[in-house]
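Asker: Have a look at this one.
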Amino acid sequence: GLKRWVRRGIVVAAVLALIPVVLTFLYLPFFVHPVSTLMLKDLATFSGYDRRWVSIDDVSPVLANSVIMSEDGQFCFHRGVDLGELRGVVD
1 GLKRWVRRGI
11 VVAAVLALIP
21 VVLTFLYLPF
31 FVHPVSTLML
41 KDLATFSGYD
51 RRWVSIDDVS
61 PVLANSVIMS
71 EDGQFCFHRG
81 VDLGELRGVV
91 D
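Oh and the sequence shown: position 10 is 10 in my numbering, straight run, nothing missing.
Structure follows, in C-alpha cells:
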C-alpha cells in the first residue's frame, strides 16, 4: 500500500543522497595519480616516465616564467590569456 511506497521513496532518496558522498571518497587525491596523454603514450610503449625533483637552477628560465604566468592572479579580468604577461614572458 501507501506505506510501502513511502518507505521505498525514502530509501531511494537516501541512496541518491549518498551517491555523491561515496563518489567523493572514491576520488580522494590520495587515490588519484594525474596522468597526461604523453605519460599514457610512454606507458603504452613501455618506456615509462621519470618524476624527479630537480634544482630550480636546472629548469629553463622560459619554463619557470611560463609556470609563473600560468598562476594568473588576473584570471577574472581577461579572456583566458593575459596578453601583457605573455609578452613579458616571451620578450
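Ideal Cβ positions, reconstructed from N, Cα and C, are used throughout, including at glycine.
For the candidate residues A44, L23, N65, S36, whose alpha-carbon lies nearest to that of R51?
Answerer: Out of A44, L23, N65, S36, S36 has the C-alpha closest to the C-alpha of R51.
Asker: Are the CB atoms of M69 and V89 nearer to each other than 7 Å?
Answerer: Contact flag set, yes.
Asker: On the three-state DSSP scale, how would you describe R87?
Answerer: Residue state, collapsed to three classes: helix.
Asker: Can you tell me where the alpha helix (DSSP H) holding P20 begins and where it ends?
Answerer: Looking at the DSSP string, the run of the alpha helix (DSSP H) that includes P20 is 2-26.
Asker: So, helix, strand or coil for D57, using DSSP?
Answerer: In this structure, D57 counts as helix in the three-state DSSP scheme.
Asker: Work out the CA separation of A44 and A17 for me, nearest whole Å.
Answerer: Cα to Cα, the separation comes out at about 38 Å.
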